[in-house]
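K.L.:
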Amino acid sequence: MMLRTMPSRRQFMLIVLFFLCILFMLIYHGQRNLKPNETTTDNEGETNYSPGERQISRKQRLKEYCNTHTYDKSPTPEDLHMLAVDDEQKFIYCVISKVFMFVREPLHRMVSAYKNKFLQIPGYTKDIRKEIVKEFRPESYDPDGKNFVSFPEFIQYFSDNKTRNQHWRQYEKICHPCVIGYDFIGHYETLTEDAPLLLKMAGIKESAKFPPIHKSTSTAQVVNYYSNVSVDVIKRIGELYRSDFEMFGYEYLGPIKQLLNVD
Numbered sequence: 076m077m078l079r080t081m082p083s084r085r086q087f088m089l090i091v092l093f094f095l096c097i098l099f100m101l102i103y104h105g106q107r108n109l110k111p112n113e114t115t116t117d118n119e120g121e122t123n124y125s126p127g128e129r130q131i132s133r134k135q136r137l138k139e140y141c142n143t144h145t146y147d148k149s150p151t152p153e154d155l156h157m158l159a160v161d162d163e164q165k166f167i168y169c170v171i172s173k174v175f176m177f178v179r180e181p182l183h184r185m186v187s188a189y190k191n192k193f194l195q196i197p198g199y200t201k202d203i204r205k206e207i208v209k210e211f212r213p214e215s216y217d218p219d220g221k222n223f224v225s226f227p228e229f230i231q232y233f234s235d236n237k238t239r240n241q242h243w244r245q246y247e248k249i250c251h252p253c254v255i256g257y258d259f260i261g262h263y264e265t266l267t268e269d270a271p272l273l274l275k276m277a278g279i280k281e282s283a284k285f286p287p288i289h290k291s292t293s294t295a296q297v298v299n300y301y302s303n304v305s306v307d308v309i310k311r312i313g314e315l316y317r318s319d320f321e322m323f324g325y326e327y328l329g330p331i332k333q334l335l336n337v338d
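Going by the numbering used here, the sequence shown opens with residue 76, and the numbers climb by one from there.
1) My output table needs one value for F177: the three-state DSSP class, helix, strand or coil.
2) So, under 8 Å CB-CB, R179 and G324 are touching, yes? Tell me the CB distance rounded to an integer number of Å.
3) If I measure Cβ to Cβ from V254 and keep anything under 7 Å in the same chain, skipping five residues before and after, which residues do I get?
4) What residue from I207, K138, L274 and Q296 has the CA that sits closest to D235's CA?
5) Quick check on the burial criterion: 16 or more other C-beta atoms within 10 angstroms. Buried or exposed for T200?
6) Excluding five sequence neighbours on each side, which residues of the same chain lie with their C-beta closer than 6 Å to the C-beta of L328?
7) At the level of alpha carbons, what is the spacing between V298 and F175?
8) Specify, as a first and last residue, the run of the alpha helix (DSSP H) that P126 falls within.
9) Taking only three categories from DSSP, how would you classify H262?
10) Let me know if D319 comes out buried or exposed under the rule of 16 or more other beta-carbons within 10 Å of its beta-carbon.
11) Between V304 and the ligand FAD, is the CB less than 8 Å from at least one heavy atom?
12) If we cut at 9 Å on Cβ distances, does L272 have a partner in chain D?
13) Excluding sequence positions up to five away, which residues of its chain have a Cβ less than 7 Å from the Cβ of P213?
14) Residues in its own chain within less than 7 Å of N112 by CB, not counting five upstream and five downstream?
15) What are the boundary residues of the alpha helix (DSSP H) that includes K205?
16) Taking the alpha helix (DSSP H) that I312 falls in, what are its first and last residues?
17) Residue range of the alpha helix (DSSP H) that Y232 falls in?
18) Quick one: residues in its chain with C-beta nearer than 7 Å to the C-beta of S215, no 5 flanking neighbours on either side, listed in chain order?
19) Pick from H144, Y189 and L272: whose alpha carbon is nearest that of E128?
20) Which residue comes first and which comes last in the alpha helix (DSSP H) that contains V298?
21) Is DSSP giving P328 helix, strand or coil here?
22) Taking just the CA atoms, how far does R311 sit from H251?
23) In three-state terms, what does DSSP make of G278?
24) When you compare only the Cα positions, how much space is there between T122 and Y263?
25) From I260 to N240, what distance separates their C-alpha atoms?
26) Just curious, the alpha helix (DSSP H) that Y257 is in, first and last residue?
27) Would you kindly check if the distance between the Cβ of Y300 and the Cβ of F226 is under 9 Å?
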């Protein structure tokens with residue numbers, strides 16, 4: 076497989092620190108609209124695990140998933156463009172604007188992607204917004220306008236099997252976890268506990284610390300966003316991201332089951 080290479084240990088450690096800092100900054104800035112008692116979804120069965128135990132559990136769950144599901148066993152170089160390898164330190168990691176392989180609960184991830192890429196920096200999705208408006212509201216399309224897209228439109232558009240941006244593409248199609256034997260699987264929801272272990276594995280001194288943080292998009296916010304999405308569309312999205320739920324131990328459609336009237 077053809078993967079991008081990293082030249083030195085020093086550069087590798089700097090990259091680890093840089094991307095972790097960026098990730099923490101994104102979380103910090105995402106909290107400003109949170110109320111003190113709001114939380115995000117935790118991972119099934121990991122509440123009382125230590126960081127090391129979480130890694131064992133996550134890798135075992137992924138192994139079981141891969142042993143019981145079909146997947147692309149021969150990804151092309153184009154499929155692997157988000158992977159990078161450090162031959163010297165024997166590290167492989169998946170670059171999803173974050174270091175190594177960090178994953179997030181799928182429904183929270185979609186809300187976060189919409190808020191960031193469609194509302195906070197809309198220039199990033201200029202072309203995508205044009206396509207969505209032309210499909211759902213052609214009479215409102217303005218080739219030179221902002222072409223605002225609502226969250227229900229965003230979700231409905233990508234509830235079909237369309238090409239996805241890396242910020243909301245399924246992890247299975249970005250990181251190929253059944254093909255690449257990852258030594259570290261981080262979860263956004265347990266980042267404050269996972270980060271020290273990652274730094275240790277990368278050979279970075281224990282003196283490198285990150286300040287305590289709170290979670291960003293809360294479950295209450297996720298429920299609010301999806302409350303305007305039809306049940307059929309939610310179910311289609313759920314099926315398209317089912318592998319992400321199952322691979323990484325997230326309850327299927329867990330945050331919004333109350334909207335679906337299911338147990």
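Ideal Cβ placement from N, Cα and C applies to all residues, glycine included.
P.N.:
Here's the rundown:
1) Looking up residue 177 in the sequence shown gives position 102. DSSP places F177 in strand when its eight states are reduced to three.
2) By 1-based counting over the sequence shown, the position of residue 179 is 104. By 1-based counting over the sequence shown, the position of residue 324 is 249. Not a contact, Cβ separation roughly 12 Å.
3) Your numbering for residue 254 matches position 179 in the sequence shown. Result list for V254: K148 and P150, in chain order.
4) Position 160 of the sequence shown, counting from 1, holds the residue named residue 235. For D235, the nearest C-alpha among the options comes from I207.
5) Here residue 200 is taken as the residue at index 125 of the sequence shown, counted from 1. Its Cβ being crowded by 16 or more others within 10 Å, T200 is buried.
6) As a working note, residue 328 is residue 253 in the sequence shown. Cβ neighbours of L328 beyond the five flanking positions: G313.
7) Taking the first residue of the sequence shown as position 1, residue 298 is located at position 223. Taking the first residue of the sequence shown as position 1, residue 175 is located at position 100. Their backbone Cα atoms lie some 29 Å apart in a straight line.
8) By 1-based counting over the sequence shown, the position of residue 126 is 51. That run of the alpha helix (DSSP H) goes P126 to T143.
9) By one-based count along the sequence shown, residue 262 stands at place 187. Looking at H262 - three-state DSSP - the assignment turns out to be strand.
10) Here residue 319 corresponds to residue number 244 of the sequence shown, with the count starting at 1. Classification of D319: buried, given that the 10 Å Cβ count is 16 or more.
11) This structure lacks the ligand FAD, and indeed carries no ligand of any kind.
12) In the structure shown, chain D cannot be found, because there is only a single protein chain.
13) The residue you call residue 213 lines up with position 138 of the sequence shown. Correct list: empty, nothing qualifies.
14) Counted from its first residue, the sequence shown places residue 112 at position 37. A caution first: N112 carries a pLDDT of 43, below 50, which makes its placement in the model unreliable, though a value can still be read off. Nothing listed; no residue qualifies.
15) For the purposes of this step, residue 205 is identified with residue 130 of the sequence shown, where counting begins at 1. Its alpha helix (DSSP H) spans residues K201 to F211.
16) Along the sequence shown, read from residue 1 onward, the residue named residue 312 stands at position 237. Its alpha helix (DSSP H) spans residues V306 to L315.
17) For the purposes of this step, residue 232 is taken as residue 157 along the sequence shown, with counting starting at 1. First-last of the alpha helix (DSSP H) with Y232: F226 to Y232.
18) If you number the sequence shown from 1, residue 215 lands on position 140. Taken in chain order, the residues that qualify are V208.
19) On the sequence shown, residue 128 is found 53 positions in, with the first residue counted as 1. Selected option, being the one with the closest Cα: L272.
20) Here residue 298 refers to the residue found at position 223 of the sequence shown. Taken as a continuous stretch (DSSP letters only), the alpha helix (DSSP H) holding V298 covers T294 to Y301.
21) The count along the sequence shown starts at 1 and reaches residue 328 at position 253. According to the sequence provided, residue 328 is Leu. The question's Pro does not apply to it. Coil at L328, not helix or strand.
22) Counting from 1 along the sequence shown, the entry for residue 251 is found at position 176. Counting from 1 along the sequence shown, the entry for residue 311 is found at position 236. Approximately 22 Å, taken between the alpha carbons.
23) Locating residue 278 in the sequence shown gives position 203, where the first residue counts as 1. It is coil, neither helix nor strand.
24) The sequence position of residue 122 within the sequence shown is 47, counting from 1. The sequence position of residue 263 within the sequence shown is 188, counting from 1. Roughly 14 Å between the two C-alpha positions.
25) Working through the sequence shown from its first residue, we reach residue 260 at position 185. Working through the sequence shown from its first residue, we reach residue 240 at position 165. I260 and N240: Cα-Cα distance of roughly 21 Å.
26) Counting from one through the sequence shown, the residue named residue 257 turns up at place 182. That residue, Y257, is in no alpha helix (DSSP H); it is neither H nor E in DSSP.
27) For the purposes of this step, residue 226 is identified with residue 151 of the sequence shown, where counting begins at 1. For the purposes of this step, residue 300 is identified with residue 225 of the sequence shown, where counting begins at 1. The answer is yes: Cβ separation under 9 Å.
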